[in-house]
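Colleague:
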Amino acid sequence: MQNTDLPNEGNKFQVWKLEITDKSKGFMELLQQLSVCDSVSDKQFEERFQELSAYGDDHIGCVIEDNHSGKIIATGSMFIEKKFLRNCGKVGHIEDVVVDAGSQGMQLGKKTVKFLTNHAHEMECYKVILDCGVGNKAFYEKCGFKEKEIQMARYFV
Ligand SMILES: CC(C)(COP(=O)(O)OP(=O)(O)OC[C@H]1O[C@@H](n2cnc3c(N)ncnc32)[C@H](O)[C@@H]1OP(=O)(O)O)[C@@H](O)C(=O)NCCC(=O)NCCS
C-alpha cells in the first residue's frame with residue numbers, strides 16, 4: 023500500500039490511492055451507493071483498473087479504509103485534463119465522491135476531496151471542478167469550492 027501526505031487518525035482510518043485489491047474490500051458496494059454498478063466481474067474490474075492505471079498521475083482514485091472492519095468506506099476520483107487553453111494548462115476533475123452511509127459526518131468526505139485537490143495542485147492544475155446536486159452544495163463549500171456557471175448533461179443511456 024502507498025501512504026499519502028494526509029495524516030491518518032490514530033490508526034482508525036487510512037487514506038490511500040485505489041489499489042486493485044480494494045474490490046474485495048467493498049469498493050464496488052460503496053460505489054453502488056452513488057449509482058448503478060452491480061454487475062462488474064473481477065475481470066472487468068481488473069481491466070478497467072489497468073486501463074486507468076495507464077494514465078499514471080493523470081487519473082487517481084482515493085480510498086479511505088476503516089482499519090477496524092477492513093472495508094473501504096469513502097472514495098473519490100480525479101481526472102487531469104490537458105488543455106491548449108491557459109497556455110497548455112491543466113484542469114482537475116473530481117468525480118464519484120461517496121462516503122458509506124454508516125460513516126458519514128466524520129469528515130471523511132472532506133478528507134477525500136482534500137486528497138484529490140492536493141493531487142491536482144501538485145500536478146500544477148490551475149483549477150479543480152466538479153458537478154454536484156443542490157443538496158451537496160454546502161458540503162463542497164466547506165471543502166473550499168464556489169458555485170460557478172451551470173451544469174449541462176446529455177445522457178445516452
Ligand atoms: C456528500 C458526502 C460525500 C459528504 O461526506 P461526509 O463524510 O458525510 O461529509 P464530511 O463529514 O466530510 O463533512 C464536511 C463538512 O460538510 C458538512 N456537510 C456534509 N454534507 C453536507 C450536506 N449535505 N449539507 C450541508 N453540509 C454538509 C458537514 O457538516 C461538515 O461540516 P464541518 O466541517 O463544519 O463539520 C456524503 O454525504 C455522501 O457520500 N453522500 C452520498 C453520495 C453523494 O451525494 N456524493 C456526492 C456526489 S457529487
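First residue of the sequence shown: 23, per my numbering; consecutive thereafter.
Don't be surprised by glycine CBs; every beta carbon is placed ideally from N, CA and C.
1) Could you please go through the chain and list the residues whose beta-carbon is closer than 6 Å to any non-hydrogen atom of ligand 1?
2) In the DSSP assignment, what are the bridge partners of H81?
3) Is it buried or exposed for S63, if we count other Cβ within 10 angstroms and need 16 for buried?
4) Let me make sure I understand the geometry here. Which of D44, G78, C110 and Q129 has the alpha-carbon closest to that of C165?
5) I'd like to confirm the pairing. Which residues does DSSP put opposite E87 in its beta bridges?
6) For T43 and A96, what's the separation of their Cα atoms in angstroms?
7) What do you reckon, are the CB atoms on K34 and F67 nearer than 8 Å?
Modeller: In short:
1) L56, V119, V120, V121, Q126, G127, M128, Q129, L130, G131, K132, C154, G157, N158, A160, F161 and K164
2) Counting from one through the sequence shown, the residue named residue 81 turns up at place 59. In DSSP, H81 forms a bridge with F101.
3) Residue 63 sits at position 41 when you count from the first residue of the sequence shown. By the neighbour-count rule (16 or more Cβ atoms within 10 Å), S63 is not buried but exposed.
4) Residue 165 sits at position 143 when you count from the first residue of the sequence shown. It is Q129 whose Cα lies nearest to the Cα of C165.
5) To locate residue 87, count along the sequence shown from 1; it is residue 65. In DSSP, E87 forms a bridge with Q36 and I94.
6) Sequence index remark: in the sequence shown, residue 43 carries index 21 (1-based). Sequence index remark: in the sequence shown, residue 96 carries index 74 (1-based). C-alpha separation (whole angstroms): 15 Å.
7) Start at 1 with the first residue of the sequence shown, and residue 34 comes out as number 12. Start at 1 with the first residue of the sequence shown, and residue 67 comes out as number 45. Cβ distance not < 8 Å, so K34 and F67 don't count as in contact.
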